[in-house]
Amino acid sequence: MIPVIIAIVVVVVLAIAIISMYNNIVTLRNRIDNAWQNIDTQLQRRNDLIPNLVETVKGYAAHERETLDAVINARNASVAAPTPEDKMAAENMVTGALRQLFAVAENYPDLKANQNFSQLQTSLETTEDKISYARQSYNDCVLNYNNAIQTFPGNVLGGLFHFTERQGFEADEASRSVPEVKF
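Residue numbering for the sequence shown follows this note's numbering, starting at 639 and increasing by one per position.
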């Protein structure tokens with residue numbers, strides 16, 4: 639009778655451990671999805687600000703059409719991106735295009751003095767900070783999840799229930815290069 643009780647206790651303990659590990663992995667996966675939603679909210683805020691910024695710049699720098707078109711095209715690609723991975727790539731393009739736009743704005747003192755442009759630039763900078771924080775949070779969630787499904791015994795459970803690795807945000811190539819400074 640005692641061996642049967644011990645066997646039942648072992649089976650119950652194993653079942654509880656498996657359920658607990660499964661629930662932990664699902665919780666981590668849901669945190670990734672939530673972190674992505676936070677990023678998406680900030681990206682939408684940025685995408686909503688961009689047309690106003692472009693319209694403001696148009697009045698001062700109409701001949702900078704190529705830069706303005708690059709910003710608009712990058713924004714449209716971001717809005718149309720169907721998957722998080724595509725959106726990550728498109729957002730790197732938006733960031734680069736905005737950097738270019740602000741560099742162009744440096745050549746127009748009247749534009750820099752424009753209150754509307756200044757407010758939009760401040761709003762975008764604040765939003766960029768929020769996006770950066772949200773990306774860091776997302777990457778932390780991805781790291782925890784990937785660790786849970788790649789380490790033992792989670793890798794066994796992860797494979798059994800088809801949990802797949804997630805990709806975090808990576809810096810774009812332009813941000814990895816050292817800027818050239820001339821005096």
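In this text, a Cβ means the ideal position worked out from N, Cα and C, and glycines have one as well.
Three-state secondary structure (DSSP) of residue i
i      : result
Gln805 : coil
Met639 : coil
Pro747 : helix
Glu693 : helix
Leu719 : What sits at residue 719 in the sequence shown is Ala, not Leu. Ala719: coil per DSSP, three-state reduction.
Thr789 : coil
Phe821 : For Phe821, the predicted structure reports a pLDDT of 35, less than 50, and the residue's modelled location is therefore unreliable. A value from the coordinates is still provided. Looking at Phe821 - three-state DSSP - the assignment turns out to be coil, as it is neither helix nor strand.
Ala653 : helix
Glu702 : coil
Phe799 : coil
Asn752 : coil
Inter-residue spacing [alpha-carbon to alpha-carbon] between residue i and residue j
i      : j      : result
Lys725 : Val695 : 25 Å
Asn711 : Asp778 : 30 Å
Tyr746 : Tyr776 : 37 Å
Pro722 : Val651 : 38 Å
Val642 : Phe799 : 30 Å
Thr705 : Leu781 : 36 Å
Asn730 : Ile646 : 55 Å
Ile644 : Thr789 : 29 Å
Gln680 : Pro689 : 15 Å
Asn752 : Arg737 : 18 Å
Leu739 : Ala700 : 12 Å
Thr760 : Trp674 : 24 Å
Val709 : Asn672 : 28 Å
Gly806 : Gln774 : 9 Å
Ile640 : Pro791 : 29 Å
His769 : Asn714 : Strictly speaking, residue 769 in this sequence is Ile, with His absent from that position. Approximately 18 Å, taken between the alpha carbons.
Asp707 : Asn754 : 20 Å
Ala741 : Glu702 : 11 Å
Asn668 : Arg804 : 12 Å
Pair within 7 Å by beta-carbon distance, residue i and residue j
i      : j      : result
Ala786 : Leu666 : yes
Val692 : Ser716 : no
Asn676 : Ala772 : yes
Ala728 : Ala735 : no
Tyr783 : Ile656 : no
Tyr698 : Leu758 : no
| Are the region 756-770 and the region 676-686 touching by the rule of at least three beta carbon pairs closer than 8 Å? | The region 756-770, when compared against the region 676-686, does touch it at the 8 Å Cβ threshold.
| request: Tell me, please, whether the region 786-806 touches the region 650-669 by the rule of three or more beta-carbon pairs shorter than 8 Å. | output: Judged by pairs of C-beta atoms under 8 Å, the region 786-806 touches the region 650-669, as three or more such pairs exist.
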